[in-house]
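*Asks:* So for the sequence shown, full-length UniProt numbering puts the first residue at 1; every next one is plus one. We put the beta carbon where it would ideally sit given N, CA and C, even for glycine. Below is the structure I would like to discuss, written out as structure tokens.
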Amino acid sequence: MKIMNREYLVDSNRQKTIERRLEQLISLIKKEAAEAMVVFSETSIRYLTGFTGEEAQLVIFSDGSSFLLSDSRFASQLKTEVPSTISVVMKTRGEMPEIVALLHAHASKKVLIEGDFLSATAFATLKAQDSQLEYELVTEFVERLRLVKDEDEIALVRRAIEISEQSFQAILPQIAVGKTEREIAAALEYAMKEPGASGPSFATIVASGVRSAWPHGKASDKQLAAHELITIDFGCVFEGYVSDITRTVALGTVSSELNEIYQVVLAANKQGIAASVAGNRGADVDSAARNLINEAGYGQYFGHGIGHGIGLDIHEINSPTMKFRETMLLENMVTTVEPGIYLPGKGGVRIEDDVRISATPAVLTTLPKEELIIL
């Protein structure tokens, strides 16, 4: 085990933020009557340490000490990103022996292991290093801390949204008969990178015509045709934080039925946003939107959930153990509201906004949606 010597290069405000997050995690560790926790998730390590590299493990102890394990490829990056209050260990052997050595040095007994990001094989390898340690797999431990955003995080989400929206507006003139879905997606992703996005939040969805009835119709080589709907689901990553927006546009006039479902989805979107208040559960948001779609007679054509949390991950409240419907909405969570209606063989509509949860919901997205945009 080799502790890296380094200068203090991290901004003091950034250090205070990281210290606060580590203190919150230590409180959770103590509640589990454990002495230590090992974190493997890249996004959670970024949240807890500031390190953006792809090779690291974090060992944090209930006494307040913490160790970030990485290797020589990231030596300079570690100096500029990680506060000096976190000890950096340059690995000279595999991470499992290094982790166990740290646990022994702090006389740990019960150790929490971030089970969502460790394979069964890797966990077996860790346990084989020392059978005397008591390991307990935990799920979505750090993720629960990440749900409520601080002002810096919300500012980064806002910037990701701004970049995405400006890029969407910029490529609208390129949407024309004969262009392929893939060409539109590529143009949008390129446009988002120019102002500073590191890339798209996910594979951009451009689904046109009958394919717009596919909720996750990733961009294909299908050519755009006149008088059809085009659903575009997009977002970008800015300084690690994501946006997630959907707008449906029309390439020329479309049928009265497709116009009708647009208006129903728009009304459902507004109802869902109105229910996105602190103290409600995700189920309240879902019901507010779904009931309206049901009453309009399209309930069978809305099969997915109403939304999810966003932040460092594109789905921060969306898993078997932390479902959006069951989650209590808290001040300064950021969630999506994305109702849709999908008519097989005809076309579909989805309208998705990003919302900051508060006593009065704050819609962070600003793209027009009041009327179906006809290009």
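What is the DSSP secondary structure of S276, reduced to helix, strand or coil?
*Replies:* Your numbering for residue 276 matches position 276 in the sequence shown. Of the three classes helix, strand and coil, the one that applies to S276 here is coil, per DSSP.
*Asks:* Quick check on the burial criterion: 16 or more other C-beta atoms within 10 angstroms. Buried or exposed for Y241?
*Replies:* Within the sequence shown, numbered from 1, the residue matching residue 241 stands at position 241. Buried, since its Cβ has 16 or more Cβ neighbours within 10 Å.
*Asks:* By Cβ distance, which residues of its chain are closer than 7 angstroms to T125, with the 5 residues on each side in sequence left out?
*Replies:* Looking up residue 125 in the sequence shown gives position 125. Counting only residues of its own chain and dropping the five nearest sequence neighbours on each side, T125 has a CB closer than 7 angstroms to the CB of M96.
*Asks:* Measure the alpha-carbon distance for T80 versus L145 and round it to whole angstroms.
*Replies:* In the sequence shown, residue 80 corresponds to position 80, counting from 1. In the sequence shown, residue 145 corresponds to position 145, counting from 1. T80 and L145: Cα-Cα distance of roughly 24 angstroms.
*Asks:* So, is L229 buried or exposed, given that buried needs 16 or more other C-beta atoms within 10 angstroms?
*Replies:* Sequence index remark: in the sequence shown, residue 229 carries index 229 (1-based). Burial state of L229 is buried, judged by a 10 Å Cβ sphere holding 16 or more other Cβ atoms.
*Asks:* State the start and end residues of the unbroken alpha helix (DSSP H) segment that holds I293.
*Replies:* In the sequence shown, the residue the question calls residue 293 occupies position 293. Its alpha helix (DSSP H) spans residues 282-295.
*Asks:* Taking the runs of the alpha helix (DSSP H) that are 4 residues or longer, which of them lie wholly in the stretch 148-219?
*Replies:* The alpha helix (DSSP H) runs of length 4 or more contained entirely in the stretch 148-219 are, from start to end of the chain, 151-171, 181-193.
*Asks:* Compare the C-alpha of Y190 against each of G178, T204, E316 and name the closest.
*Replies:* Taking the sequence shown and counting its residues from 1, the one referred to as residue 190 is at position 190. Considering only alpha carbons, the answer is T204.
*Asks:* Which residue marks the beginning of the beta strand (DSSP E) containing K323, and which one marks its end?
*Replies:* Walking along the sequence shown from the start, residue 323 turns up at place 323. Looking at the DSSP string, K323 is not in any beta strand (DSSP E), and its letter there is neither H nor E.
*Asks:* Determine the DSSP secondary structure at Q132, reduced to helix, strand or coil.
*Replies:* Here residue 132 refers to the residue found at position 132 of the sequence shown. DSSP places Q132 in coil when its eight states are reduced to three.
*Asks:* Residues in its own chain within less than 6 angstroms of N280 by CB, not counting five upstream and five downstream?
*Replies:* As a first step, residue 280 must be located in the sequence shown, where it is residue number 280. L329.
*Asks:* Starting from M37 and walking both ways along the beta strand (DSSP E), at which residues does that stretch end?
*Replies:* Along the sequence shown, one-based indexing puts residue 37 at 37. Looking at the DSSP string, the run of the beta strand (DSSP E) that includes M37 is 36-39.
*Asks:* Who are the near neighbours of Y8 in its chain, counting only those whose CB is closer than 7 angstroms to its CB and skipping five residues on each side?
*Replies:* Here residue 8 corresponds to residue number 8 of the sequence shown, with the count starting at 1. Low confidence applies here, because Y8 scores a pLDDT of 47, under 50, leaving its location unreliable and the question unanswered by this model.
*Asks:* Compare the Cα-Cα distances from I171 to each of E181, L188, R182, E183 and report the closest residue.
*Replies:* To locate residue 171, count along the sequence shown from 1; it is residue 171. It is L188.
*Asks:* Looking only at its own chain, which residues have a Cβ that is under 6 angstroms from the Cβ of R6, when we skip the five neighbours before and after it?
*Replies:* As a first step, residue 6 must be located in the sequence shown, where it is residue number 6. Any reading at R6 must be qualified, since the residue scores a pLDDT of 48, below 50, and its modelled position is unreliable; the value itself is stated next. The answer, listed in chain order, is K79.
*Asks:* Any idea what DSSP makes of K31, helix, strand or coil?
*Replies:* Walking along the sequence shown from the start, residue 31 turns up at place 31. If DSSP states are grouped into helix, strand and coil, K31 belongs with the helices.
*Asks:* Specify, as a first and last residue, the run of the beta strand (DSSP E) that I113 falls within.
*Replies:* Here the question's residue 113 lines up with position 113 in the sequence shown. Where I113 is concerned, the enclosing beta strand (DSSP E) stretches over 110-114.
*Asks:* Check whether the Cβ atoms of I317 and L147 lie closer than 8 angstroms to each other.
*Replies:* Position 317 of the sequence shown, counting from 1, holds the residue named residue 317. Position 147 of the sequence shown, counting from 1, holds the residue named residue 147. Going by C-beta atoms, I317 is nearer than 8 angstroms to L147.
*Asks:* Could you check what DSSP says for Y8 in three-state terms: helix, strand or coil?
*Replies:* Residue numbering aside, residue 8 sits at position 8 when the sequence shown is read from its first letter. Any reading at Y8 is ruled out, since the residue's pLDDT is 47, under 50, leaving its predicted position unreliable.
*Asks:* Which partner residues of R356 appear in the DSSP bridge assignment?
*Replies:* As a first step, residue 356 is located in the sequence shown; it is residue number 356 there, counting from the start. Secondary-structure assignment with DSSP links R356 through a beta bridge to V334, A362.
*Asks:* Mind reading off the beta-carbon distance from I261 to V349? Whole number of angstroms is fine, and I expect it under 8 angstroms.
*Replies:* The residue given as residue 261 occupies position 261 in the sequence shown. The residue given as residue 349 occupies position 349 in the sequence shown. Contact flag correct, Cβ pair sits at about 5 angstroms.
*Asks:* Would you report the Cα separation of R159 and K110, rounded to the nearest angstrom?
*Replies:* Counted from its first residue, the sequence shown places residue 159 at position 159. Counted from its first residue, the sequence shown places residue 110 at position 110. Their backbone Cα atoms lie some 41 angstroms apart in a straight line.
*Asks:* By how many angstroms is the C-alpha of V277 removed from the C-alpha of H304?
*Replies:* As a working mapping, residue 304 is identified with position 304 in the sequence shown. As a working mapping, residue 277 is identified with position 277 in the sequence shown. Taking the straight line from one Cα to the other gives about 21 angstroms.
*Asks:* What does DSSP give as the partner residues of L58 in its beta bridges?
*Replies:* If you number the sequence shown from 1, residue 58 lands on position 58. Beta-bridge pairing links L58 to V39, L68.
*Asks:* Between the beta-carbon of H227 and the beta-carbon of G252, is there less than 8 angstroms?
*Replies:* Here residue 227 corresponds to residue number 227 of the sequence shown, with the count starting at 1. Here residue 252 corresponds to residue number 252 of the sequence shown, with the count starting at 1. Yes. Within cutoff.
*Asks:* Applying the 10 Å Cβ sphere with the 16-neighbour rule, what's the burial state of D244?
*Replies:* What you label residue 244 is simply residue 244 of the sequence shown in a count that begins at 1. Classification for D244: buried.
*Asks:* Whose CA, out of D116, S220, F238, I18, lies closest to the CA of P195?
*Replies:* Your numbering for residue 195 matches position 195 in the sequence shown. That would be F238, whose Cα lies nearest to the Cα of P195.
*Asks:* For E316, which three-state DSSP category applies?
*Replies:* By 1-based counting over the sequence shown, the position of residue 316 is 316. In this structure, E316 counts as coil in the three-state DSSP scheme.
*Asks:* Figure out for me which residue from A213, A250, R290, N13 has the closest Cα to the Cα of D152.
*Replies:* Within the sequence shown, the letter at position 152 stands for residue 152. The option with the nearest alpha carbon to D152 is N13.
*Asks:* By a C-beta neighbour count over all protein chains shown, 10 Å radius and 16 as the cutoff for buried, is V177 buried or exposed?
*Replies:* As a first step, residue 177 is located in the sequence shown; it is residue number 177 there, counting from the start. Taking every protein chain shown into account, the CB of V177 has fewer than 16 other CB atoms within 10 angstroms, so this residue is exposed.
*Asks:* Express the C-alpha separation of I113 and Q120 in angstroms, rounding to a whole number.
*Replies:* The residue labelled residue 120 in the question sits at position 120 within the sequence shown. The residue labelled residue 113 in the question sits at position 113 within the sequence shown. It should be pointed out that residue 120 corresponds to Ala in this sequence rather than to Gln. Whole-angstrom Cα-Cα distance: 12 angstroms.
*Asks:* Alpha carbon to alpha carbon, what distance is there between R247 and K16?
*Replies:* The sequence position of residue 16 within the sequence shown is 16, counting from 1. The sequence position of residue 247 within the sequence shown is 247, counting from 1. Rounded to the nearest angstrom, the two C-alpha atoms are 39 angstroms apart.
*Asks:* Please name the residue or residues paired with Y342 in a DSSP beta bridge.
*Replies:* Taking the sequence shown and counting its residues from 1, one reaches residue 342 at position 342. BP columns for Y342 point to G348.
*Asks:* In angstroms with no decimal places, state the Cα-to-Cα distance between L343 and E352.
*Replies:* By 1-based counting over the sequence shown, the position of residue 343 is 343. By 1-based counting over the sequence shown, the position of residue 352 is 352. The straight-line gap from Cα to Cα measures roughly 18 angstroms.
*Asks:* Is it true that the stretch 50-69 meets the stretch 130-138, where meeting means three or more beta-carbon pairs spaced less than 8 angstroms apart?
*Replies:* no
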